[in-house]
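Peer 1:
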Amino acid sequence: MRWSQAFIPTLRESPADVESPSHRLLVRAGFIRRLGSGLYAYLPPGQRSLLKIAGIIRAELGAAGAQEFFLPLPHRHSVGRDTGGPARSGDGLSSVEDRSGPASAADIPHEAAFTELFRREIRSYRELPQVWYQIHAGLCDELRLKPGPRRLRQSLRMDSCSFDRDPSGLDRSYRLHYDLLCRTFTRCGLKVDTVEASSAGTDCSQSVDFVVRMGGGEDCVISCSCGYAANLECATSRISEVADEPACGAPRRVPTPGQKTISEVAAFLGAPATHQIKSLVYIAGDKPYLFLLRGDHQLNEAKIRAFAGNMAGRQARPDEIRELFGADAGSLGPVGISGMPIVADYALRGRQNMTCGANQDDFHLQGVTPDVHFRPVWADLRAAEPGEDCSRCGRPLGMYRATRIGYLRKLATASRESGAATVLDAEGKQVPVAVGNYGIDLERILSSVVELCHDDDGIIWPGTIAPFAVVLTPVNYRESVKAAADKLYEEMQGAQLEVLLDDRQERPGVKFKDADLVGIPYRVVLGAEKVSRGQAELFERASRKTELVDLASVIPALQSRLLGSVPV
RNA sequence: CGGGGCGUGGCGCAGUCCGGUUGAGCGCGCCUGGUUUGGGACCAGGAGGUCGUGAGUUCAAAUCUCACCGCCCCGACCA
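Just remember that this note's numbering sits 264 ahead of the position in the first sequence, which is counted from 1.
#1: Let me know the secondary structure DSSP gives residue 295 once reduced to three states.
#2: With a floor of 3 residues, list each beta strand (DSSP E) that falls wholly inside the region 302 to 328, ordered by position along the chain.
#3: Quick check: the region 657 to 677 against the region 428 to 440, are at least 3 beta-carbon pairs closer than 8 Å?
#4: For the candidate residues 707, 722 and 785, whose alpha-carbon lies nearest to that of residue 315?
#5: Quick check for students: name the residue ranges of the beta strand (DSSP E) that lie wholly in the region 574 to 610, counting only runs of 3 or more.
#6: Could you give the residue range of the alpha helix (DSSP H) that holds residue 674?
#7: Using 8 Å for Cβ pairs, my map puts residue 609 next to residue 646. What's the rounded Cβ distance?
#8: Grab the span of the beta strand (DSSP E) containing residue 784 for me, first residue to last.
#9: Could you please give me the residues that DSSP links to residue 395 through a beta bridge?
#10: What do you get for residue 809, buried or exposed, if any count of 16 or more other CB atoms within 10 angstroms of its CB means buried?
#11: Go through its chain and collect everything with a Cβ distance to residue 813's Cβ below 6 Å, but skip five positions before and after it.
#12: Note down the Cα distance separating residue 582 from residue 592, rounded to an integer number of angstroms.
#13: Grab the span of the beta strand (DSSP E) containing residue 281 for me, first residue to last.
#14: Can we say the region 527 to 545 touches the region 612 to 627, given the rule of at least three CB pairs closer than 8 Å?
#15: So what's residue 810 in DSSP terms, helix, strand or just coil?
#16: So residue 483 packs on residue 327, CB below 8 Å; how close in whole Å?
#17: Can you grab the Cα-Cα spacing for the pair residue 634 / residue 507, in whole Å?
#18: For residue 615 and residue 457, what's the separation of their Cα atoms in angstroms?
#19: Short of 6 Å in beta carbon distance, which residues of its chain neighbour residue 643, apart from the five on each side in sequence? Order them along the chain.
#20: Say whether the region 715 to 727 touches the region 281 to 301, bearing in mind that this needs 3 or more beta-carbon pairs closer than 8 Å, one atom from each stretch.
#21: Report yes if the CB atom of residue 489 is closer than 9 Å to the CB atom of residue 659, and no otherwise.
#22: Assuming contact is defined by CB atoms lying nearer than 9 Å, are residue 518 and residue 627 in contact in what I supplied?
#23: How far does the beta strand (DSSP E) with residue 543 in it extend, from its first residue to its last?
#24: Quick check: the Cα distance between residue 277 and residue 661, rounded to an integer number of angstroms?
#25: Can you grab the Cα-Cα spacing for the pair residue 796 / residue 452, in whole Å?
#26: What residue range is occupied by the uninterrupted alpha helix (DSSP H) comprising residue 746?
#27: Pull up the distance between the alpha-carbon of residue 344 and that of residue 420, whole angstroms please.
#28: By DSSP's criteria, residue 484 is part of a beta bridge. Which residues make up the other side?
#29: Report all residues from its chain with a CB closer than 8 Å to the CB of residue 429; omit the five preceding and five following residues, and keep chain order.
#30: Less than 8 Å between C-beta atoms, sequence neighbours within five positions excluded: which residues of the same chain meet that for residue 745?
#31: Identify the residues that DSSP records as bridge partners of residue 722: which are they?
#32: For the beta strand (DSSP E) containing residue 628, name the first residue and the last one.
#33: Could you compute how far the alpha carbon of residue 691 sits from the alpha carbon of residue 760?
#34: Where do the N-terminal and C-terminal ends of the beta strand (DSSP E) with residue 333 fall, by residue?
#35: Contact check, residue 516 vs residue 630 under 8 Å by CB: the rounded distance?
#36: Reducing DSSP to helix, strand and coil, say where residue 825 ends up.
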């Protein structure tokens, strides 16, 4: 490609509203442009890199025996309804309206389409295992969009499904994908961590996220030196012990005028936060839920989804709380409450003689004992926090921010009913198939690499996903230098090197700055003096080191370096 | 969905409070000519704007009012 003909619109200055270094560099280097909130166009350099990533994924999946599909995007109601359930507002699915009907889900989970095909076409256990995948632009109805290429209405991703005849087969498919994702990320130049992921809402028995550590990441990971690592959404920690005074008789109602928060009540009644019950009301699917925690603990909202029909709950409004409890939020408690589920965190189990709201403004109850004065459902609701003790080894937990770029899920076969994929086993009986889901987000790979691999001058691509392998930079595109550049350009193309010839009528400084910004791994510089001696400069972007090479050995030198830079 | 902010050549901004000498400017980029040519050159000339859209107030609106649209931030936390 000749740079004079290429569309690589580099910018000297940064646009406003950049949210991260990767966002700024991808825009400045001409890889992406925003077309709307959460909508980014990938320009030719960006598309080239995305295709490189897709190529790596296809190669790894192909080597593992997976087969690629091309699935339709705007499914009608019928597809996915059986298996994926109806599209609900706020469930992360976009919807569209068209001539053939009212709003229909525009983005049924890929496993719904795969499962549909499987049910129609696969009959016998002898046809298993199957691993099916597609690489496509999926839609996502983000509640909160952010500028930058990581929270999008649309994202390019790989989704795959494995179908096995039994759990041990699923174990193999899962392991296959685990290894394959690891190799894919490594080849893209990323170091990844695997962390336990929330299984809420996805109905799965095992769930792992692949994440890249980075400051601006949208996920939090709780981790421990013993190897425990989990997404904050599902992380746990050891519950600190609290000693209780023995309970005596029925709860006592005490006046607490104007005392609403946990800390106010603690000061007023002398009841420490650890001896209080925190009562939180959520509404999900028009139904109220009462969640109880120890006063010093925080609710993890991701964990409550399992109790709210997997729907996104919201905190109840003040008017709803008053209608349900006859009191305001500062005076709520579980005693005497019926007509709604009461879910209590494990940290309250076995406790006694605690303090909570009396469901009457300005009054609290003391001497309340769970399982005696109210009967909750027990669950893990508490948000783990850094500094608490690891539930495995007892050492203090750490936390870091990260971006999720891939996942593995084993679907729970037992709970799959009418929509389940089945086959006939050796005895001719219908048996459920063990299904796994796996995914990779290609755009996040791209932006994560830039986030982690750049310097003040621009992007530093790993050779595997760079838009071009080498940029050929004649200092002046004239006379002997032009002749040498044209000749070398032809030879590089003949050698299958992805070369960009900077034939623009620009000063050398502009060419160097642009090449650094775009981040092309190698640069071959041709200047009049060196060319007259049959030499060229070979510049490596990552190390910023230059060496003199004979013109005749430029191509072999590049080839050996590029091969060396490809891991696995 | 709630609260706040912004919208001025391709990009970044000033001007808006206090309506009128501002024929709407500046930096970067872009075009032409010339001088340059190893890390974002210089000189001269030039193109490019429904001041987000629509209505209103006024002798007069980028500037004041209302509505709508778009975008950004914060909150509700989503894959």
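Heads up, the beta-carbon is just placed ideally off N, CA and C, and yes, glycines get one too.
Peer 2: For this structure:
#1: Translated into positions along the first sequence, residue 295 becomes position 31. Note: residue 295 maps to coil in three-state DSSP.
#2: 303 to 306
#3: yes
#4: Here residue 315 refers to the residue found at position 51 of the first sequence. Considering only alpha carbons, the answer is 707.
#5: 606 to 609
#6: Residue mapping note: residue 674 aligns to position 410 of the first sequence, counting from 1. Not the alpha helix (DSSP H): residue 674 falls in the beta strand (DSSP E), residues 662 to 675.
#7: Taking the first sequence and counting its residues from 1, one reaches residue 609 at position 345. Taking the first sequence and counting its residues from 1, one reaches residue 646 at position 382. Correct: roughly 5 Å between the Cβ atoms.
#8: For the purposes of this step, residue 784 is taken as the residue at position 520 of the first sequence. That residue, residue 784, is in no beta strand (DSSP E); it is neither H nor E in DSSP.
#9: In the first sequence, the residue the question calls residue 395 occupies position 131. Paired residues: 426.
#10: For the purposes of this step, residue 809 is identified with residue 545 of the first sequence, where counting begins at 1. Per the 10 Å Cβ criterion, exposed.
#11: Position 549 of the first sequence, counted from the start, is the residue given in the question as residue 813. For residue 813, where only same-chain residues beyond five positions count, the Cβ hits under 6 Å are 800, 802 and 821.
#12: In the first sequence, residue 582 corresponds to position 318, counting from 1. In the first sequence, residue 592 corresponds to position 328, counting from 1. Using only the alpha carbons, I get a separation of about 7 Å.
#13: Locating residue 281 in the first sequence gives position 17, where the first residue counts as 1. Run containing residue 281: none; DSSP gives neither H nor E here.
#14: yes
#15: Walking along the first sequence from the start, residue 810 turns up at place 546. Of the three classes helix, strand and coil, the one that applies to residue 810 here is strand, per DSSP.
#16: Counting from one through the first sequence, the residue named residue 483 turns up at place 219. Counting from one through the first sequence, the residue named residue 327 turns up at place 63. Actually they do not touch by this definition, with Cβ atoms about 29 Å apart.
#17: Here residue 634 corresponds to residue number 370 of the first sequence, with the count starting at 1. Here residue 507 corresponds to residue number 243 of the first sequence, with the count starting at 1. Approximately 15 Å between the Cα atoms of the pair.
#18: As a working note, residue 615 is residue 351 in the first sequence. As a working note, residue 457 is residue 193 in the first sequence. Near 37 Å, if we compare the C-alpha coordinates of residue 457 and residue 615.
#19: Sequence index remark: in the first sequence, residue 643 carries index 379 (1-based). 607, listed in sequence order.
#20: yes
#21: Start at 1 with the first residue of the first sequence, and residue 489 comes out as number 225. Start at 1 with the first residue of the first sequence, and residue 659 comes out as number 395. Going by C-beta atoms, residue 489 is nearer than 9 Å to residue 659.
#22: Counted from its first residue, the first sequence places residue 518 at position 254. Counted from its first residue, the first sequence places residue 627 at position 363. The answer is yes: Cβ separation under 9 Å.
#23: Your numbering for residue 543 matches position 279 in the first sequence. Start and end: 541 to 548.
#24: The residue you call residue 277 lines up with position 13 of the first sequence. The residue you call residue 661 lines up with position 397 of the first sequence. Their Cα atoms are separated by approximately 41 Å.
#25: Here the question's residue 796 lines up with position 532 in the first sequence. Here the question's residue 452 lines up with position 188 in the first sequence. Near 39 Å, if we compare the C-alpha coordinates of residue 452 and residue 796.
#26: Numbered from 1 along the first sequence, position 482 holds the residue referred to as residue 746. Note, residue 746: alpha helix (DSSP H), 743 to 758.
#27: If you number the first sequence from 1, residue 344 lands on position 80. If you number the first sequence from 1, residue 420 lands on position 156. Summary for residue 344: the model assigns pLDDT 43, below 50, so the residue's position carries little reliability, and this model does not support an answer.
#28: Translated into the one-based positions of the first sequence, residue 484 becomes position 220. Its beta-bridge partners are 665.
#29: As a first step, residue 429 is located in the first sequence; it is residue number 165 there, counting from the start. Only 389, 392, 393, 687, 689, 695, 697 and 698 meet the Cβ criterion.
#30: What you label residue 745 is simply residue 481 of the first sequence in a count that begins at 1. If we look at residue 745 and ignore the five residues flanking it on each side, its Cβ neighbours are 738, 739, 790, 791, 792 and 795.
#31: Here the question's residue 722 lines up with position 458 in the first sequence. Per DSSP, 719.
#32: Sequence index remark: in the first sequence, residue 628 carries index 364 (1-based). 627 to 632 is the extent of the beta strand (DSSP E) around residue 628.
#33: The residue you call residue 691 lines up with position 427 of the first sequence. The residue you call residue 760 lines up with position 496 of the first sequence. Cα-Cα distance, rounded: 55 Å.
#34: Along the first sequence, one-based indexing puts residue 333 at 69. No beta strand (DSSP E) holds residue 333; DSSP gives it neither H nor E.
#35: By 1-based counting over the first sequence, the position of residue 516 is 252. By 1-based counting over the first sequence, the position of residue 630 is 366. Going by Cβ atoms, the distance from residue 516 to residue 630 rounds to 5 Å, so yes, they are a contact pair.
#36: The sequence position of residue 825 within the first sequence is 561, counting from 1. Correct three-state label for residue 825: helix.
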